[in-house]
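So the sequence lines, in the order shown, correspond to chains A, B, C, D and E. For the first sequence, our numbering gives the first residue as 6, with consecutive numbering after it. For the second sequence, our numbering gives the first residue as 6, with consecutive numbering after it. For the third sequence, our numbering gives the first residue as 6, with consecutive numbering after it. For the fourth sequence, our numbering gives the first residue as 6, with consecutive numbering after it. For the fifth sequence, our numbering gives the first residue as 6, with consecutive numbering after it. Even glycine gets a Cβ: it sits at the ideal position worked out from N, Cα and C. Each remark here refers to the structure printed beneath this line.
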Amino acid sequence: MAKTQIKRGKQKWRNKPGELVYTGDISSEEVQVDVLLYSPETDEISFKKKIEEFKDYSGYRFIDVKGLNNKDEMQRIGAILGLDDLLLEDIMHMGERPRLELQKDYLFLIMKNLYLDKENIRIVQEQLSFVVKDRTIVIFRDSDSEVINYAKEKLKNSKHSLRRFGTDYALYYIMDLLVDNYFLIVSDVEEQIEQIEEAIISGEESMNLEEVYRIRKELLLLRASIWPLEDVIHGMIREEGLIENSTKEYLRDLKGNISQIMDYTSIYRESILGLFDIYLSNTSNKMNSIMQTLTVISIMFIPSTFLAGVYGMNFKEFPELGIKHAYPVFWIINIALMIFMYRYFKNKRWL
Amino acid sequence: MAKTQIKRGKQKWRNKPGELVYTGDISSEEVQVDVLLYSPETDEISFKKKIEEFKDYSGYRFIDVKGLNNKDEMQRIGAILGLDDLLLEDIMHMGERPRLELQKDYLFLIMKNLYLDKENIRIVQEQLSFVVKDRTIVIFRDSDSEVINYAKEKLKNSKHSLRRFGTDYALYYIMDLLVDNYFLIVSDVEEQIEQIEEAIISGEESMNLEEVYRIRKELLLLRASIWPLEDVIHGMIREEGLIENSTKEYLRDLKGNISQIMDYTSIYRESILGLFDIYLSNTSNKMNSIMQTLTVISIMFIPSTFLAGVYGMNFKEFPELGIKHAYPVFWIINIALMIFMYRYFKNKRWL
Amino acid sequence: MAKTQIKRGKQKWRNKPGELVYTGDISSEEVQVDVLLYSPETDEISFKKKIEEFKDYSGYRFIDVKGLNNKDEMQRIGAILGLDDLLLEDIMHMGERPRLELQKDYLFLIMKNLYLDKENIRIVQEQLSFVVKDRTIVIFRDSDSEVINYAKEKLKNSKHSLRRFGTDYALYYIMDLLVDNYFLIVSDVEEQIEQIEEAIISGEESMNLEEVYRIRKELLLLRASIWPLEDVIHGMIREEGLIENSTKEYLRDLKGNISQIMDYTSIYRESILGLFDIYLSNTSNKMNSIMQTLTVISIMFIPSTFLAGVYGMNFKEFPELGIKHAYPVFWIINIALMIFMYRYFKNKRWL
Amino acid sequence: MAKTQIKRGKQKWRNKPGELVYTGDISSEEVQVDVLLYSPETDEISFKKKIEEFKDYSGYRFIDVKGLNNKDEMQRIGAILGLDDLLLEDIMHMGERPRLELQKDYLFLIMKNLYLDKENIRIVQEQLSFVVKDRTIVIFRDSDSEVINYAKEKLKNSKHSLRRFGTDYALYYIMDLLVDNYFLIVSDVEEQIEQIEEAIISGEESMNLEEVYRIRKELLLLRASIWPLEDVIHGMIREEGLIENSTKEYLRDLKGNISQIMDYTSIYRESILGLFDIYLSNTSNKMNSIMQTLTVISIMFIPSTFLAGVYGMNFKEFPELGIKHAYPVFWIINIALMIFMYRYFKNKRWL
Amino acid sequence: MAKTQIKRGKQKWRNKPGELVYTGDISSEEVQVDVLLYSPETDEISFKKKIEEFKDYSGYRFIDVKGLNNKDEMQRIGAILGLDDLLLEDIMHMGERPRLELQKDYLFLIMKNLYLDKENIRIVQEQLSFVVKDRTIVIFRDSDSEVINYAKEKLKNSKHSLRRFGTDYALYYIMDLLVDNYFLIVSDVEEQIEQIEEAIISGEESMNLEEVYRIRKELLLLRASIWPLEDVIHGMIREEGLIENSTKEYLRDLKGNISQIMDYTSIYRESILGLFDIYLSNTSNKMNSIMQTLTVISIMFIPSTFLAGVYGMNFKEFPELGIKHAYPVFWIINIALMIFMYRYFKNKRWL
Ligand SMILES: [Mg+2]
Ligand SMILES: [Mg+2]
Ligand SMILES: [Mg+2]
Ligand SMILES: [Mg+2]
Ligand SMILES: [Mg+2]
Ligand SMILES: [Mg+2]
Ligand SMILES: [Mg+2]
Ligand SMILES: [Mg+2]
Ligand SMILES: [Mg+2]
Ligand SMILES: [Mg+2]
Ligand SMILES: [Mg+2]
Ligand SMILES: [Mg+2]
Ligand SMILES: [Mg+2]
Ligand SMILES: [Mg+2]
Ligand SMILES: [Mg+2]
Ligand SMILES: [Mg+2]
Ligand SMILES: [Mg+2]
Ligand SMILES: [Mg+2]
Ligand SMILES: [Mg+2]
Ligand SMILES: [Mg+2]
Ligand SMILES: [Mg+2]
Ligand SMILES: [Mg+2]
Ligand SMILES: [Mg+2]
Ligand SMILES: [Mg+2]
Ligand SMILES: [Mg+2]
Ligand SMILES: [Mg+2]
Ligand SMILES: [Mg+2]
Ligand SMILES: [Mg+2]
Ligand SMILES: [Mg+2]
Ligand SMILES: [Mg+2]
Ligand SMILES: [Mg+2]
């Protein structure tokens, strides 16, 4: 069965605040770090595998940390990057809500990647954490992420806009990719609603209630992932120091996309409810018309069956039984009765 | 089948931000430019076909660009007008949400034209983009637009108000035409609701569920197109520099119209839901009364049929069968029974 | 059939902004002007019929313009009063939304008069426009208005509060009369809901669905007319220059009335929905109990009818038929069976 | 029948603003005034019956005016207290909405007392008006009020907190008593919902729809009375001059109570809707199961009744009739058929 | 039966404001005080049992008061801690709403602990009150609280963060534990919804309406407990003086958790309503299909039963009865009729 998960990850309870516990489902404790060093001034880019190596570079530093299930390594990375335990805790806790935290010298962002697992017909949710501080962006994720790989690929291209701007633009760029993914979910929902629409309005097919429920849950999940982003982007636009004005221009554009997705979720929700109303009416109308036709037919035989019973009675003194042509008259009366009733019901639009 | 499209245009994904991709459905790559140069001081107006020619004119410049499916030409036009790639991307992306962007030296506006395609009974949605910068208005559209043609026709009339005011007024003038079109949709919805109302309340006709669904979607589409305009106009009224105070007066008037359309969409939505409630009740009441009448009739024959069966039994010792006039008495008893039951049910209001 | 109109008046489209088109349904082009000149200092009041005559008077000027269907006359009046075309357009357009416009030297207000046309059981909507500028109030209306006539009558009374205060108070006074009319609609709705309540809860009468729908539309219309007034009065209270502080006191009182009507519309809407729920339950319960009783009765005869059929069979070898007193035993068995079933169903509360 | 009144009192229309009309239902024109003079400095309290006597006292003045149905007396009292006609009009109009008015030198408050008339099972609504101005509180009410009597009793006790603080505290004290009364309504609603809950979930009793409707109306009335108080208390806390800081502390506490009642009304409303959903499902499930069982039983007899009819036919050539033991075989076949059908339906869970 | 209590505790009415009345259900009047004195500078911690002993200590003071049902002792404690009667009243009143009060020199907080009583399948609600003033935190509770015991246990550990920070951090730490408990309720609701989901969508099991109602009430209770906390934390973050900046960082994190729980309650509510819609459709579809099949079967026998009755009639002149092979022909006709009807209904998808 298709399943849309709105899970919060493993339960975290009674940890000390700031205690590091990974709550995702990746069991491997391997941590893989990619450091990309680049600068708008030069066409070169260098690749490092040790996180310490970012320190000496005076250009922009793009750090990709894959694998969060290793408390000691996370603490070591945190120490090198200057991140406190409360932050690391949220990075390792897979059930966080999308949110932005602005500090004096860095910015911390949690976002969700949503994509459609076509095989299992369910939405998969991935948590990504970002830290942006002076000339550096660090991305934390617990597994392979198509979106981050794509961004790294683009960064390798010396002509790409990613190479012209700073790490704030890199953050925007990934956010934009994530929101593009939301649009794919929107597209999928739209397609499914159109299919349901055609099925319902043509009246040929019945409504797949399970599918409808799944779409409603997809919309809820989409909404829960998208609506905190309005505050996030608002916060980034007001931020002074870490986000360049040129990047804010892009963020304003992204804000429009987010509003649009919010609009779509409302519209699709209303559409589904509207289709459900039609489906219920259709079902009830169809059922009613069947029951009605059947009942009318059964009614048409009731008087005749009674009459046949009457002439089957064994009274000694029963004059009609001896009347000539009584039997064909019985048929004529009954057929006339049925025709009359048929016409009467037809007239009253019960047939 | 009638169809109201809430489509977002072709899917745009994994483009570089600012990459120009046309997402509409016009395949021709022809770009047609109309430049109208006019000034309140003189009665003259001159028409040019090359976009470069607007530069030398010191009066007002009205530039109409039709056809967006040519990336190179768009880039050339953008360069001449001084528009950056992010703006051109939105202009070429047909699935934008209505919105206003205020920059230091220009204003960018996206709006939707909605009109009713009477033949296919569906709402057609057209995206229009506007750039207003010093003494210049540029309109971008991907196909023929009745509204823009109408405005250009009026501009040719030297006595028209468009000739007395600047390009900010021209923008308002077109916005007003677009909002007028929304009112036509409102009118259409109103008419349809009245027809449904008459059909439902007279009880003569059944509800066309498909039509109801279509109206609900029209209202959703109208709402999605109209409600971002409240922010748009609010932004234009607060703007300083590009919009004249006299034009702001007109915009305030337009804002009233928009609030009114919002009110109507709410009222019509509530009315449809109210009518749907009545329809469901009517259907159920009608069905119930049919079933009830029929069941009562069948009940009236049950005891009599049983009695006829009784007197059809073949017991050797069966005193009643030999009684004189037993047969007519049987009829009298049965007819009395039926009359009694008829009256009883009539009394209990089951008939 | 009763009908509540939520009409927007004739369609206005593709007029030049500021073009004067009357969109009401009064065909006469007569314009009737009443000028009342009065001053708190003196007990005198003078009546003029020409609008020009207000200019020379140094006291308060109350100008009543009846008839809007004459473009030339409206333009002449506008010129004399110093009103621009955009204002005149709104005055002549009968489908405006209630709203306030504050200008440097005048105030413009549109309000709706609602009253109940008892004969046709429908709400009638009248649009009134007001301009208040230095010592002058001008009222525009397209037909005879009971409210304005009443106010003029009061103004003739030298002891009336209208004579003690300025034109801002006169405006408040008329607004108060209009809001009083809204209360009459509220009263009417309340009465009707109480009647429905009694009918539904007593269970004696069925719900008049058409009436319920009409009340719901009345509430929608009332709400649409009343809720923009919160902004209107808020605007008037903040206004500086045209509205005296003493009048603002009255306006604050009026604001309370408007909040109260808003409260009532919510409460009545909820009440109707609640009654509708009960009605649906009642209908369904009543129907169910009928069907249940009838089915139980028919079940009670099924085994007996079968048994009668059995003893009507013509098997050669049929021992029971010859048994002594078999026939009365048949009756005893059947009556016992029926009593048992009756008790069983009674016990199970199916009867 | 139980009845919850949401009445607005007698209709007030076309009165001059500020014209005094009593709209309650007390016909007696007697006005009874109690003046209590007290001071925190002394233990003494003096009681007067004439309103003029408050003037000479330099301590706190608690004035209780009972009876509003005497225009002349009200005007006399108003003149002595320095209240304008607009205020007196609201005091005498029994359909006011709870609200606060802050003037330069006095505070005017309207509140509703709600209590449960256990005998007639309905909520009774009482309007109380308060004026607080320098060292004086005046209470206006049209009939005997338990709450005011209680407060006066307490005031007589020289040890009571009312004697330690000023008239602002006295106002708070009465407001608190009124809000306590709202909690009694909440308690009553809670108890009734619990009873309905038990009845519904046990499935033993049917839902009393009338009672549910009454509770819903009680909640609406409670909500309408309570929610304007949030603004009222907010206004009193911001007020400077009439309300002491120590009293504001108490008011903040009262605000918490009001928020709590708002919360309860939401929760109870949702609970009732949830119970109604269960009730509808239960009703429908019960009905369905009855109909199903009955239909299955009737189906079980249909083939047998047909067969009995077959062997009751009078064909001359009818071999089965002569077969030996045909009659007992008929019974065996029928009983087997019925057992089979019973098992089949049991298997399919239709029984 | 499972039961979720939204009780307000015993009714409090007509107490003097500030009068101390315990409204919980603990009858014992014992008050047990634990004073923990600790300081970040030293590793030591001392335990006292008398509340007076906190005064002399210059480090942090953690005071746990268990048992509120002793007015005199409460007044003594209040006097020692410098708490006024209004505060003590709220502490002893078990039906308070979660809220924060900020005073010049102290902070007062009421929160609810919610936990699941697995045995009785109901949510238990516990009220906790906190006072934080210079270097001191006081916790009031009427019974044993797992959360407070847990926090005290942690405090004894000299390496725990509680020992590094002040009493503001201790307050945050307990708030965090309480919110963790809310997440356990969320988890429980989630699990139950998943079970219902599987049962409903597989169609195997019927919906447990009582359980659904219980979940809806759990969500209401959760919502009522959690949503006032948004204001509480907002207030604490703005507070200046009592809450350290480092603690505010933690509070911001907690705010995110609260928003998340709010999101979950919305999502779960919508999910339940969606599942309920499916359940209703399923029930209705299943019922309809049973009724339909049964009715079709009974229809199939109606004509045959009539025909058998016809050939059981006793007319003297009845030619068919003598026809050769009339009886087997009767069977052939009837079987053919039944096959035809079966195919017809099959074709029309009624079977
Ligand atoms: Mg957008
Ligand atoms: Mg939006
Ligand atoms: Mg939007
Ligand atoms: Mg929408
Ligand atoms: Mg809907
Ligand atoms: Mg957009
Ligand atoms: Mg308007
Ligand atoms: Mg308007
Ligand atoms: Mg509006
Ligand atoms: Mg509205
Ligand atoms: Mg509405
Ligand atoms: Mg509705
Ligand atoms: Mg009021
Ligand atoms: Mg009011
Ligand atoms: Mg209100
Ligand atoms: Mg309200
Ligand atoms: Mg309400
Ligand atoms: Mg409702
Ligand atoms: Mg409702
Ligand atoms: Mg509280
Ligand atoms: Mg409270
Ligand atoms: Mg609240
Ligand atoms: Mg609360
Ligand atoms: Mg709630
Ligand atoms: Mg609900
Ligand atoms: Mg969060
Ligand atoms: Mg969170
Ligand atoms: Mg939230
Ligand atoms: Mg949410
Ligand atoms: Mg939601
Ligand atoms: Mg829903």
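Check                                                                                                                            : Outcome
Closer than 9 Å at the beta carbon, the chain E residues around residue 317 (chain D)                                            : 313, 314, 316 and 317
Buried or exposed by the 16-neighbour rule on C-beta atoms within 10 Å, applied to residue 13 (chain B)                          : Here the model assigns residue 13 (chain B) a pLDDT of 46, short of 50, so the residue's position is not dependable and the matter cannot be decided.
Of the residues C:99, C:110, C:68 and C:124, the one placed nearest residue 30 (chain C), counting alpha carbons only            : C:99
Neighbour list for residue 265 (chain E) in chain A, Cβ cutoff strictly below 7 Å                                                : 102
Through-space distance from residue 241 (chain B) to residue 160 (chain B), alpha-carbon basis                                   : 23 Å
Test: residue 303 (chain B) CB closer than 9 Å to a CB of chain A                                                                : yes
Given residue 174 (chain C) as reference, the closest of C:335, C:41 and C:251 once Cα atoms are compared                        : C:251
Residue 180 (chain A) beta carbon less than 9 Å from that of residue 267 (chain A)                                               : no
Chain-ordered neighbours of residue 338 (chain B) on chain C, where CB pairs are closer than 8 Å                                 : Simply none; closest approach about 15 Å.
Residue-level contact to chain D via CB, residue 212 (chain E), 9 Å cutoff                                                       : yes
Spatially closest choice to residue 355 (chain E) from A:245, A:72, A:279 and A:294, by CA coordinates                           : A:294
Local Cβ density within 10 Å of residue 344 (chain C), reported as buried at 16 or more and exposed below that                   : exposed
Residue-chain proximity (residue 215 (chain D), chain C), Cβ-Cβ < 9 Å                                                            : yes
Within-9 Å CB hit, residue 350 (chain D) to chain C                                                                              : no
Secondary structure of residue 99 (chain D), DSSP reduced to three states                                                        : coil
Ranges of the alpha helix (DSSP H) found wholly within the stretch 269 to 327 of chain C, counting only runs of at least 4       : 324 to 327
Residue 155 (chain D) - containing alpha helix (DSSP H), residue span                                                            : 151 to 161
Residue 2 (chain C) versus C:43, C:40 and C:77, residue with shortest Cα-Cα distance                                             : Not covered by the structure: residue 2 (chain C). The range shown for chain C is 6 to 356.
Cutoff 8 Å; reference residue 17 (chain D); Cβ partners in own chain excluding five residues on either side                      : With a pLDDT of only 49 at residue 17 (chain D), under 50, the local geometry of the prediction cannot be trusted, and the value read off the model is given with reservation. Closer than 8 Å at the Cβ level, and outside the excluded window around residue 17 (chain D), lie 26, 28, 98 and 100.
Within 9 Å, strictly: CB atoms of residue 283 (chain D) and residue 198 (chain D)                                                : no
Exposure of residue 124 (chain B), with buried meaning 16 or more beta-carbon neighbours within 10 Å                             : exposed
Cβ distance (whole Å) where residue 269 (chain C) is taken to contact residue 152 (chain C) below 8 Å                            : No, residue 269 (chain C) and residue 152 (chain C) are not in contact; Cβ-Cβ is about 21 Å, not under 8 Å.
Sequence-distant residues of its chain with Cβ nearer than 7 Å to residue 169 (chain A) (five each side left out)                : 45
Those residues which DSSP pairs with residue 51 (chain D) across a bridge                                                        : D:42
Length of the line joining the Cα atoms of residue 53 (chain B) and residue 111 (chain C)                                        : 44 Å
Where residue 346 (chain D) meets chain C, residues with beta-carbon distance less than 7 Å                                      : What residue 346 (chain D) touches in chain C: nothing, since even the nearest Cβ is about 14 Å away.
In chain order, each alpha helix (DSSP H) run of at least 4 residues that lies wholly inside the stretch 50 to 133 of chain A    : 76 to 86 and 90 to 97
Inter-stretch contact at 8 Å, needing at least 3 Cβ pairs: the stretch 133 to 152 of chain D / the stretch 207 to 227 of chain D : no
Stretch pair the stretch 122 to 139 of chain D + the stretch 200 to 214 of chain D: three plus CB contacts closer than 8 Å       : no
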